[in-house]
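Student: Residue numbers for the sequence shown, in the working numbering: 7 to 637. Just so you know, even glycine gets a beta-carbon here, dropped at the ideal spot from N, CA and C. Because the structure is a prediction, the values reported are computed rather than measured. The structure follows.
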Amino acid sequence: MSATAQPTPSSPARQGLAALTLGAIGVVYGDIGTSPLYTLAEVFGPATGLRPDAASIVGAVSALFWALMLVVTLKYVLLILRADNRGEGGGLALTALATEAVQGRPQLRQGLLLLGVFGATLFYGDSVITPAVSVIGAMEGLKVFSPQLEAWVVPLSLVVLVGLFVVQRHGTHAVGRVFGPVIVLWFAVLAVTGALAIAQTPGVLAALNPLHAYEFLSTRGSHLLPVLGALVLALTGAEALYADMGHFGAKPIRLAWCGLVLPALALNYLGQGALLMRDPSSIDNPFYRLFPQSLVLPAILLATAAAVIASQAVISGAYSMTKQAIQLGFLPRLPIRNTSAAEAGQIYIGAVNWALLAGVIGAVLLFRSSSSLAGAYGIAVTLTMAITTVLTYFVVRHRWGLPAWVAWGATAFFLLLDLLLVAGCAVKFFDGGWFPLVLGLSIFLLMSTWARGRTELRQALQSEGLALEPFLESLCADAGQARVPRTAVYPVANPDLVPQALLHNLKHYQALHERNLLLTVRFDHGPWVAPAERLQLQPLAPGFWRATLSYGFMEQPDVPRDLAGCAALGLAIEPAETSFFLSRETVVPKSGMAHWREALFAALSRNAGSAADYFRLPDNAVVELGTRVQL
Numbered sequence: 007m008s009a010t011a012q013p014t015p016s017s018p019a020r021q022g023l024a025a026l027t028l029g030a031i032g033v034v035y036g037d038i039g040t041s042p043l044y045t046l047a048e049v050f051g052p053a054t055g056l057r058p059d060a061a062s063i064v065g066a067v068s069a070l071f072w073a074l075m076l077v078v079t080l081k082y083v084l085l086i087l088r089a090d091n092r093g094e095g096g097g098l099a100l101t102a103l104a105t106e107a108v109q110g111r112p113q114l115r116q117g118l119l120l121l122g123v124f125g126a127t128l129f130y131g132d133s134v135i136t137p138a139v140s141v142i143g144a145m146e147g148l149k150v151f152s153p154q155l156e157a158w159v160v161p162l163s164l165v166v167l168v169g170l171f172v173v174q175r176h177g178t179h180a181v182g183r184v185f186g187p188v189i190v191l192w193f194a195v196l197a198v199t200g201a202l203a204i205a206q207t208p209g210v211l212a213a214l215n216p217l218h219a220y221e222f223l224s225t226r227g228s229h230l231l232p233v234l235g236a237l238v239l240a241l242t243g244a245e246a247l248y249a250d251m252g253h254f255g256a257k258p259i260r261l262a263w264c265g266l267v268l269p270a271l272a273l274n275y276l277g278q279g280a281l282l283m284r285d286p287s288s289i290d291n292p293f294y295r296l297f298p299q300s301l302v303l304p305a306i307l308l309a310t311a312a313a314v315i316a317s318q319a320v321i322s323g324a325y326s327m328t329k330q331a332i333q334l335g336f337l338p339r340l341p342i343r344n345t346s347a348a349e350a351g352q353i354y355i356g357a358v359n360w361a362l363l364a365g366v367i368g369a370v371l372l373f374r375s376s377s378s379l380a381g382a383y384g385i386a387v388t389l390t391m392a393i394t395t396v397l398t399y400f401v402v403r404h405r406w407g408l409p410a411w412v413a414w415g416a417t418a419f420f421l422l423l424d425l426l427l428v429a430g431c432a433v434k435f436f437d438g439g440w441f442p443l444v445l446g447l448s449i450f451l452l453m454s455t456w457a458r459g460r461t462e463l464r465q466a467l468q469s470e471g472l473a474l475e476p477f478l479e480s481l482c483a484d485a486g487q488a489r490v491p492r493t494a495v496y497p498v499a500n501p502d503l504v505p506q507a508l509l510h511n512l513k514h515y516q517a518l519h520e521r522n523l524l525l526t527v528r529f530d531h532g533p534w535v536a537p538a539e540r541l542q543l544q545p546l547a548p549g550f551w552r553a554t555l556s557y558g559f560m561e562q563p564d565v566p567r568d569l570a571g572c573a574a575l576g577l578a579i580e581p582a583e584t585s586f587f588l589s590r591e592t593v594v595p596k597s598g599m600a601h602w603r604e605a606l607f608a609a610l611s612r613n614a615g616s617a618a619d620y621f622r623l624p625d626n627a628v629v630e631l632g633t634r635v636q637l
């Protein structure tokens, strides 16, 4: 876990700072950049009980500004971005760092692992809500352009969303080239419209004083939590700063935030506040009311493009999260297709794509407006923020070695902010907050069941398996054993046991191959594995070798390509003379886990993707031999 990160084709080491910063603006900040579409309107929505008078407007805008400063700038930009795992970020990368920091405490390590996985599953809820609320929020500008178009908001939103998911299988490399410039234009428009409004009502600049935010929040009384639940909408997308660090690096993300994104957001929120101070009736949609009527339609088109880009970021993130979860053993194998020969990180997972589309369509039809969707938005995000804070403590204290009072103090401060935001969103539970939680908990249940079932399966196979060393001794002692002049590769999870496929091969064909390679593929908790550490080869007995291939959770395994390295270690493997013998276990539920979890695990096992496809084995060189295993 301490090795230097290996640059990938799209890694920061291969691109200039300007290009990386532009890319970060386009990908990282799409979600948080579309928050001005609906945030201030929700702050003054019916649930908060706020009236748009001058004092409340200045206080609300001040609270928004300082929330961005404390949570995004101080916590994520200055602190969390330092917690990189070989250059990678995100929930699972942080979980790997935290669990590594407490290796000597197995119970705590297991607890942190489950906590991190739960935080990762909440991302899927965000991946459903973000496209829905962003696109429908952009389309609601049609009501400002012409009230007669209100009936078209939901249908047109669905058309845009379906089109977005349909094109995913073609890859995002072509669209990705325009992401940066479009979002730069978006932030420029946010800044300019906000600045023009401020120029007309400069008194709104008083919101930059944090005392107004404190006074505003401290006097809310029983309405404090609903107000906090609305304010958190301005922070959605903050996790993307850390999650996408591996694509762009910490420096470009910091530069983009401080140089463009934060100033543009601040100016726009201040501008919306200035507009409301002049015309409180604009509270129905203060974002679009900033534009002259003649520019509302172009603004809708630009906002829709920005919303699509924000949605693209979380969709791609869901693919990456799924791939990492598969590598770490929390999900069954799924077909993963690379959509770019140049960008290793651009992948497509069909099952995830269509599941997300179904969830997004369901969310749009269920909630039907950005205001209703705002009720569903926030709980998953704030819980993820709180989990990130907890995991970061173990990195700060046990990995970085900072004094206990520093680690505890910083953690307590940020965790208090996070829990206040969680509480603010919790009051919206019955107004839609249940939606992302149900999604996240369902996926967590699926992932934990798969991980537990794989553990039970390994234990069952081990209890029934044969020890490798005495088996090879007896086998090699049999001088009459027939040998076939080819190479056989036997993938095996436990390198100390005889592969089931080898036993079946001997039983049915009464012959051994001339060269037998027992292969173990290991996935590290780090994102990358150095090429020099990829392959290990060990002779076991005449005609038998043990090979170990190691991959990081960000890498795509390619077994035939990497086994070619055996030639440099003294074992030449000719692809045309090599067969891969796979053991495919059929799970028969019996005992151990709860019956319904056993049945779920058995169903997941039956529908798991092919190991041959996942490890990129040649179709004409694979032989599958089945075995039934009772749990």
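What are the residues that DSSP puts in a beta bridge with L588?
Tutor: Mapped onto the sequence shown, residue 588 falls at position 582. Paired residue(s): E630.
Student: Looking at C-beta atoms only, is the number of pairs between the region 207 to 221 and the region 59 to 67 that lie closer than 8 Å three or more?
Tutor: The answer is yes - the region 59 to 67 touches the region 207 to 221, with three or more Cβ pairs under 8 Å.
Student: Entirely within the region 407 to 440 and at least 4 residues each: give me those alpha helix (DSSP H) ranges in chain order.
Tutor: Listed in chain order, the complete alpha helix (DSSP H) runs (minimum 4 residues) inside the region 407 to 440 are 410 to 432.
Student: Taking only the alpha-carbon atoms, compute the straight-line gap between A416 and H229 and give it to the nearest angstrom.
Tutor: Within the sequence shown, the letter at position 410 stands for residue 416. Within the sequence shown, the letter at position 223 stands for residue 229. Their Cα atoms are separated by approximately 28 Å.
Student: Once the 5 residues before and after P505 are set aside, which same chain residues still bring their CB inside 8 Å of it?
Tutor: Your numbering for residue 505 matches position 499 in the sequence shown. Excluding residues within five positions, the ones whose Cβ falls inside 8 Å are Y496, P497, V498, L524, F587, S589.
Student: Hey, which unbroken runs of the alpha helix (DSSP H) at 4 residues or more fall wholly within the region 24 to 94?
Tutor: Segments of the alpha helix (DSSP H) lying fully in the region 24 to 94: 36 to 39, 45 to 49, 60 to 73.
Student: Which partner residues does S556 have in the DSSP bridge list?
Tutor: Start at 1 with the first residue of the sequence shown, and residue 556 comes out as number 550. Answer is R528.
Student: Have a look at the DSSP bridge pairing and note the partners of W551.
Tutor: One-based indexing of the sequence shown puts residue 551 at position 545. Beta-bridge pairing links W551 to L523, P545.
Student: Quick check: the region 335 to 343 against the region 452 to 465, are there 3 or more CB pairs under 8 Å?
Tutor: Yes, the region 335 to 343 is in contact with the region 452 to 465.
Student: For P497, does the three-state DSSP call read helix, strand or coil?
Tutor: What you label residue 497 is simply residue 491 of the sequence shown in a count that begins at 1. Three-state DSSP puts P497 in a strand.
Student: If you run the structure through DSSP and keep just helix, strand and coil, what is R260?
Tutor: In the sequence shown, counting from the first residue as 1, residue 260 sits at position 254. R260: helix per DSSP, three-state reduction.
Student: Could you tell me whether the Cβ atoms of R622 and P563 are closer together than 8 Å?
Tutor: Working through the sequence shown from its first residue, we reach residue 622 at position 616. Working through the sequence shown from its first residue, we reach residue 563 at position 557. Their beta carbons are under 8 Å apart, which means R622 touches P563 by this criterion.
Student: Going along the chain, which residues of its own chain have a beta-carbon closer than 8 Å to the beta-carbon of L121, five neighbours each way excluded?
Tutor: Within the sequence shown, residue 121 is the residue found at index 115, counting from 1. Cβ neighbours of L121 beyond the five flanking positions: T101, I393, V396, L397.
Student: Does the pairing of the region 239 to 250 with the region 66 to 86 give three or more beta-carbon distances under 8 Å?
Tutor: In short, these stretches touch, since the Cβ pair count reaches three.
Student: Measure the alpha-carbon distance for M327 versus L518 and round it to whole angstroms.
Tutor: In the sequence shown, the residue the question calls residue 327 occupies position 321. In the sequence shown, the residue the question calls residue 518 occupies position 512. Those two C-alpha atoms are separated by around 41 Å.
Student: Note down, in chain order, each residue of its chain lying with its Cβ closer than 8 Å to the Cβ of G503, except the 5 sequence neighbours on either side.
Tutor: The count along the sequence shown starts at 1 and reaches residue 503 at position 497. In the sequence as presented, Gly is not what sits at residue 503; that position holds Leu. Once the five neighbours on either side are set aside, the close Cβ partners of L503 are L467, Q468, G471, L472, A473, L474.
Student: How is L518 classed by DSSP in three states: helix, strand or coil?
Tutor: For the purposes of this step, residue 518 is taken as residue 512 along the sequence shown, with counting starting at 1. Note: L518 maps to strand in three-state DSSP.
Student: Quick check: what's the CA-CA separation for L231 versus D619?
Tutor: For the purposes of this step, residue 231 is taken as residue 225 along the sequence shown, with counting starting at 1. For the purposes of this step, residue 619 is taken as residue 613 along the sequence shown, with counting starting at 1. Taking the straight line joining both Cα atoms gives about 50 Å.
Student: Once DSSP output is grouped into helix, strand and coil, what is the label at G489?
Tutor: Counting from one through the sequence shown, the residue named residue 489 turns up at place 483. One point to set straight first is that residue 489 is Arg, not Gly, in the sequence displayed. Note: R489 maps to strand in three-state DSSP.
Student: Express the C-alpha separation of R260 and A608 in angstroms, rounding to a whole number.
Tutor: Numbered from its first residue, the sequence shown carries residue 608 at position 602. Numbered from its first residue, the sequence shown carries residue 260 at position 254. Straight-line Cα distance between these residues: approximately 46 Å.
Student: Can you tell which of H253, G439, M391, V358 has its C-alpha closest to the C-alpha of A382?
Tutor: Residue numbering aside, residue 382 sits at position 376 when the sequence shown is read from its first letter. Ranking the options by Cα distance to A382, first place goes to G439.
Student: At what residues does the alpha helix (DSSP H) containing M283 begin and finish?
Tutor: Counted from its first residue, the sequence shown places residue 283 at position 277. Looking at the DSSP string, the run of the alpha helix (DSSP H) that includes M283 is 268 to 284.
Student: So what does DSSP say about A138, is it helix, strand or coil?
Tutor: As a position in the sequence shown, residue 138 is number 132, starting the count at 1. A138: helix per DSSP, three-state reduction.
Student: Against chain B, with Cβ distances strictly below 8 Å, would Q465 count as a contact?
Tutor: In summary, chain B is missing from the structure at hand, where a single protein chain is found.
Student: Would DSSP call P442 helix, strand or coil?
Tutor: Taking the first residue of the sequence shown as position 1, residue 442 is located at position 436. Three-state result, P442: helix.
Student: Nearest-angstrom Cα distance between A410 and L421?
Tutor: Counting from 1 along the sequence shown, the entry for residue 410 is found at position 404. Counting from 1 along the sequence shown, the entry for residue 421 is found at position 415. Their backbone Cα atoms lie some 16 Å apart in a straight line.
Student: Just how far apart, CA to CA, sit V490 and H531?
Tutor: Taking the first residue of the sequence shown as position 1, residue 490 is located at position 484. Taking the first residue of the sequence shown as position 1, residue 531 is located at position 525. Each residue's alpha carbon lies about 38 Å from the other.
Student: When DSSP builds the beta bridges, which residues end up paired with L303?
Tutor: In the sequence shown, counting from the first residue as 1, residue 303 sits at position 297. DSSP, once it has assigned bridges, lists no residue as partnering L303.
Student: Tell me the rounded alpha-carbon separation between A25 and P52.
Tutor: In the sequence shown, counting from the first residue as 1, residue 25 sits at position 19. In the sequence shown, counting from the first residue as 1, residue 52 sits at position 46. Going by the C-alpha atoms only, they are around 43 Å apart.
Student: Figure out for me which residue from Y515, G55, L577 has the closest Cα to the Cα of R552.
Tutor: In the sequence shown, the residue the question calls residue 552 occupies position 546. It is L577.
Student: Confirm, please, whether the CB-CB distance from S163 to V188 is below 8 Å.
Tutor: The residue given as residue 188 occupies position 182 in the sequence shown. The residue given as residue 163 occupies position 157 in the sequence shown. No, the pair does not count as a contact, with Cβ atoms beyond the cut-off.
Student: Take T455 and list the residues in its own chain whose beta-carbon comes closer than 6 Å to its own, dropping the five residues that flank it on each side.
Tutor: Along the sequence shown, one-based indexing puts residue 455 at 449. The residues are R603, L606, F607.
Student: Work out the CA separation of L234 and P624 for me, nearest whole Å.
Tutor: Here residue 624 corresponds to residue number 618 of the sequence shown, with the count starting at 1. Here residue 234 corresponds to residue number 228 of the sequence shown, with the count starting at 1. Each residue's Cα considered, the two are about 55 Å apart.
Student: In this structure, does DSSP put A309 in helix, strand or coil?
Tutor: Taking the sequence shown and counting its residues from 1, the one referred to as residue 309 is at position 303. DSSP places A309 in helix when its eight states are reduced to three.
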